[in-house]
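Peer 1: I have a structure I would like to understand better, so I am pasting it below and will then ask my questions one at a time.
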Amino acid sequence: MTRVVRSGYHLTFISLALLCIFLFPIYWMVLTSLKTTPQIFTYPPVFIPENLDFDMWINGILPDPNVWRYIRNSTIIATGTMVLTVLLAAPAAYAVAHLPIRGKSAIMIVSLSTLMFPAIMTAMPLFVIFSRLGLTNTYLGLILADTTLALPFAIVLLRPFFASIPKDLVEAARIDGCSQFGAFLRIIVPVARPGLMTAAIFAFLFGWGDLVFALALGDNNAVRPVTAGLWAYIGSFTNNWGGAMAFSTLAMAPPLVVFLITQRYVVAGLLAGGLKE
Amino acid sequence: MTESIGSTPARVGAWNAAPGRQNPMRRLMDRFDGSVVPYLFVLPAALFMVGLMIYPTIFNVQISFQQMTAGNLLSGGAEWVGLANYQAMLEDPRFTTAFKNSLIFTAASMVFQIGIGLALALFYNQDFPGNLIMRPLYLVAYAVPVIVVASVFNWLLDGQYGVINWALRSLGIIDGPIFWLNDVNTALGGVIFINIWLGIPFNLTVLLAGLKSIPRELYEAAEVDGAGRFTKFWHITLPLLRPALLAVGMLGIIFTFKMFDVVWVATKGGPAGASDVLPTLSFKLVFEQFLFGKGAAVLNVMFLFLFVLSLIYLRVLNRQELRK
């Protein structure tokens, strides 16, 4: 029995080491933002500095109005993408799962195949189309573009969720006099909440992390999201690694927080996407 | 007649408020609700996908046969030039380099992502204290925006002060500093390295789930028969893991082939196109050189390749289903 316990902790130690190696880049990013310039540009690298220097944050990143503008833009765009995706995907996935319509397989085939569209492939024609419609450099344009990333994934993800809800639930609601949409809203949606949460989270992460559409359709400083903002920042200062790491940390923080809170759903979503029915 | 009022209570918003089952309005609304409304559920999503994804793709094909420039972009008066764009593309050495790089990038990323992912999955399939807490932490890499990851690795791979070089020199693997992302010979390898890191969490999660679905009894029965570790892995684990491996494999290939952010932020496809992949090349053609026609041509080639890959994936999936 002692042997089992000992080998158990033996593995724990290895796991800890592996995790530290894997997540080292994150540690290094945050640490670099807290170093002084001479500490950054030194060899061999300093892994544990004697004291932390908040100068880059206090005087560089935090007072920069652009940084906060970019974060605000990203929040608007990511939230918009999340809302639009769920609004479009949920009824569609439910209908494919349960309602009597024709063309179900067409919808699923279109959803599955659009999953493989490279963002750049949609970005170019959308640039032409949006330019003619005046939608470039607008929040709406970016939300619409980012939703093209999230919507197919959401539909593919949600269909099995809705399919696993027993049909009797729907039937009972209908017999009671509920309309289709009423039944959907009042009975199905509450039951499908975990699936909807997963879809919403992925849509938010896609919307926040997108770079292609941001560069192609929204590079104006007013609507620029934090991804394009970071890119512009890196481009304008060649060796300001401390600043770049600080900005990166800030750019990473919101989606990371969202992820840590809703971890469970992300795992469920990845499994549903990876091991399709 | 009082029955009907008692058994179907009126509800706010329902149209059975009118007494009597014979209410014609209600029957009409019911029919509408049963047959037409379901289509309304799908309509918004369908319109969106057709309008903002299918139509642009077709538009792309059209643009590839035209000579569209910044000048006639808005007015739409671009002339038709047949296959000229495709010809220009095939004659452009940047295209051949980018295509070759895309293949290398995808293949190398997949091999290591799946290899390391599988190794980690096998490791985390064991029982030990803290397993369940530490395992999901790998997914942190998934939540971080790719541009952030690329920036950090840019710094880690720095020639003079980067940690990677320090580690390699300390281990005696290399002698002097290597400017990974700035050297024509190592740039592609550098972006592949970053991409491997990005893909590990997804592979780990899916493969581990696959491992967990293999019943323990199979291993126990094999042990009784005297099977060793390798035999168990080769004859039980691998065959039963095939669906999961297939999933990460095909999905990984598709997502890696179309990856833009990593290469763009790390090297912008440089130096001199050494690490250019098809997505970054097309971005440059369209948004830096405004060669819309040629850019569209490259994009169509990319799409065709991915389309064929997806068809293969669906074919293999189907055959797998049939075998069951």
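Taken in order, these protein sequences are the chains called H and S. Quick note: the first sequence uses our numbering, first residue 392, plus one each step. Quick note: the second sequence uses our numbering, first residue 41, plus one each step. The beta-carbon is built from N, C-alpha and C at its ideal position, and this holds for glycine as well.
(1) Are three or more beta carbon pairs between the stretch 508-518 of chain H and the stretch 293-309 of chain S nearer than 8 Å?
(2) Can you tell which of Val561/H, Phe604/H, Ala659/H, Leu602/H has its C-alpha closest to the C-alpha of Pro491/H?
(3) Do you know offhand how far Pro416/H's Cα is from Ile439/H's?
(4) Rank Val487/H, Pro645/H, Phe404/H, Thr476/H by C-alpha distance to the C-alpha of Pro185/S and give the top, closest one.
(5) Would DSSP call Ala50/S helix, strand or coil?
(6) Does any residue of chain H bring its CB to less than 8 Å from the CB of Ile45/S?
(7) Which same chain residues end up closer than 7 Å to Ser424/H when comparing Cβ atoms and leaving out the 5 residues on each side of it in sequence?
(8) Just to confirm my understanding: we take Met150/S, look at its own chain, exclude 5 residues before and 5 after, and list those with CB closer than 7 Å. What are they?
(9) On the CB-based measure, 16 or more other CB atoms within 10 Å of its CB, does Arg615/H come out buried or exposed?
(10) Determine whether the Cβ of Pro440/H lies closer than 8 Å to any Cβ atom of chain S.
(11) Would you report the Cα separation of Gly568/H and Thr653/H, rounded to the nearest angstrom?
(12) Could you say which of Arg67/S, Val77/S, Leu197/S, Leu68/S lies nearest to Ala574/H if we only look at CA atoms?
(13) For Pro435/H, does the count of other Cβ atoms within 10 angstroms reach 16, so buried, or fall short, so exposed?
(14) Please return the same chain residues whose Cβ sits closer than 8 Å to the Cβ of Leu503/H, not counting the five positions on each side in sequence.
(15) So, with DSSP's three-state summary, where would you put Gln329/S?
(16) Tell me whether the beta-carbon of Ala179/S lies closer than 8 Å to the beta-carbon of Thr245/S.
(17) Who are the Cβ neighbours of Thr42/S in its own chain at under 8 Å, not counting the five residues just before and after it?
(18) Measuring straight from C-alpha to C-alpha, what distance separates Asn225/S and Val356/S?
(19) Following the continuous alpha helix (DSSP H) through Arg550/H, name the residue where it begins and the one where it ends.
(20) Counting Cβ pairs, one atom from each stretch, are 3 or more of them under 8 Å apart for the stretch 589-608 of chain H and the stretch 476-485 of chain H?
(21) Considering only the beta carbon of each residue, do Phe593/H and Tyr485/H sit closer than 8 Å?
(22) Do you know offhand how far Ile45/S's Cα is from Asn63/S's?
(23) If you reduce the DSSP assignment to three classes, tell me which class Glu562/H lands in.
(24) So with CB distances below 7 Å, who are the chain H contacts of Leu196/S?
(25) Within 8 Å of any Cβ in chain H, is that where the Cβ of Leu346/S sits?
(26) Can you give me the Cβ contacts of Ala642/H inside the same chain, cut-off strictly under 6 Å, excluding the 5 residues immediately before and after it?
(27) Could you give the residue range of the alpha helix (DSSP H) that holds His275/S?
(28) For Asn358/S and chain H, any beta-carbon pair shorter than 8 Å?
Peer 2: According to the structure data:
(1) yes
(2) One-based indexing of the first sequence puts residue 491/H at position 100. With distances taken between Cα atoms, Pro491/H lies closest to Val561/H.
(3) Here the question's residue 416/H lines up with position 25 in the first sequence. Here the question's residue 439/H lines up with position 48 in the first sequence. Rounded to whole angstroms, Pro416/H to Ile439/H spans 14 Å at the Cα level.
(4) Here residue 185/S is taken as the residue at index 145 of the second sequence, counted from 1. Ranking the options by Cα distance to Pro185/S, first place goes to Pro645/H.
(5) As a working mapping, residue 50/S is identified with position 10 in the second sequence. Low confidence applies here, because Ala50/S scores a pLDDT of 49, under 50, leaving its location unreliable; read the following figure in that light. In the structure shown, Ala50/S sits in coil (DSSP, three-state: anything other than H, G, I, E or B).
(6) Counted from its first residue, the second sequence places residue 45/S at position 5. Low local confidence applies: a pLDDT of 43 at Ile45/S is under 50, so the model's placement there is unreliable, with the coordinate-based value given in what follows. Not an interface residue.
(7) Working through the first sequence from its first residue, we reach residue 424/H at position 33. Counting only Cβ-Cβ distances below 7 Å, and skipping sequence neighbours, we find Met447, Trp448, Gly633, Met636, Ala637, Thr640.
(8) The count along the second sequence starts at 1 and reaches residue 150/S at position 110. Counting only Cβ-Cβ distances below 7 Å, and skipping sequence neighbours, we find Gly289, Gly292, Ile293, Thr296.
(9) Your numbering for residue 615/H matches position 224 in the first sequence. Its Cβ being crowded by 16 or more others within 10 Å, Arg615/H is buried.
(10) As a position in the first sequence, residue 440/H is number 49, starting the count at 1. False, the Cβ-Cβ gap to chain S never drops below 8 Å.
(11) Along the first sequence, one-based indexing puts residue 568/H at 177. Along the first sequence, one-based indexing puts residue 653/H at 262. So the two alpha carbons sit approximately 36 Å from each other.
(12) To locate residue 574/H, count along the first sequence from 1; it is residue 183. That would be Val77/S, whose Cα lies nearest to the Cα of Ala574/H.
(13) By 1-based counting over the first sequence, the position of residue 435/H is 44. With fewer than 16 Cβ atoms within 10 Å of its Cβ, Pro435/H is classed as exposed.
(14) Against the first sequence, residue 503/H aligns to sequence position 112. These residues qualify, in order along the chain: Pro543, Val547.
(15) The residue given as residue 329/S occupies position 289 in the second sequence. It is coil, neither helix nor strand.
(16) Counting from one through the second sequence, the residue named residue 179/S turns up at place 139. Counting from one through the second sequence, the residue named residue 245/S turns up at place 205. It should be pointed out that residue 179/S corresponds to Leu in this sequence rather than to Ala. Yes; because the gap between Cβ atoms is below 8 Å, this pair is in contact.
(17) The residue labelled residue 42/S in the question sits at position 2 within the second sequence. Only weak support is given to the placement of Thr42/S: the predicted model assigns it a pLDDT of 39, under 50, and the question is left unresolved by the model.
(18) Here residue 225/S refers to the residue found at position 185 when the second sequence is read from its first residue. Here residue 356/S refers to the residue found at position 316 when the second sequence is read from its first residue. If you take the alpha carbons of Asn225/S and Val356/S, they lie about 37 Å apart.
(19) Looking up residue 550/H in the first sequence gives position 159. Segment 530-554, the alpha helix (DSSP H) holding Arg550/H.
(20) yes
(21) What you label residue 593/H is simply residue 202 of the first sequence in a count that begins at 1. What you label residue 485/H is simply residue 94 of the first sequence in a count that begins at 1. Contact: no.
(22) Here residue 45/S corresponds to residue number 5 of the second sequence, with the count starting at 1. Here residue 63/S corresponds to residue number 23 of the second sequence, with the count starting at 1. Only weak support is given to the placement of Ile45/S: the predicted model assigns it a pLDDT of 43, under 50, and the question is left unresolved by the model.
(23) Indexing the first sequence from 1 puts residue 562/H at position 171. If DSSP states are grouped into helix, strand and coil, Glu562/H belongs with the helices.
(24) Taking the second sequence and counting its residues from 1, the one referred to as residue 196/S is at position 156. What Leu196/S touches in chain H: Pro416, Trp419.
(25) Within the second sequence, residue 346/S is the residue found at index 306, counting from 1. True, the Cβ-Cβ gap to chain H drops below 8 Å.
(26) One-based indexing of the first sequence puts residue 642/H at position 251. Cβ neighbours of Ala642/H beyond the five flanking positions: Val617, Leu621.
(27) Translated into the one-based positions of the second sequence, residue 275/S becomes position 235. Run containing His275/S: none; DSSP gives neither H nor E here.
(28) Here residue 358/S corresponds to residue number 318 of the second sequence, with the count starting at 1. No, its Cβ sits nowhere closer than 8 Å to a Cβ of chain H.
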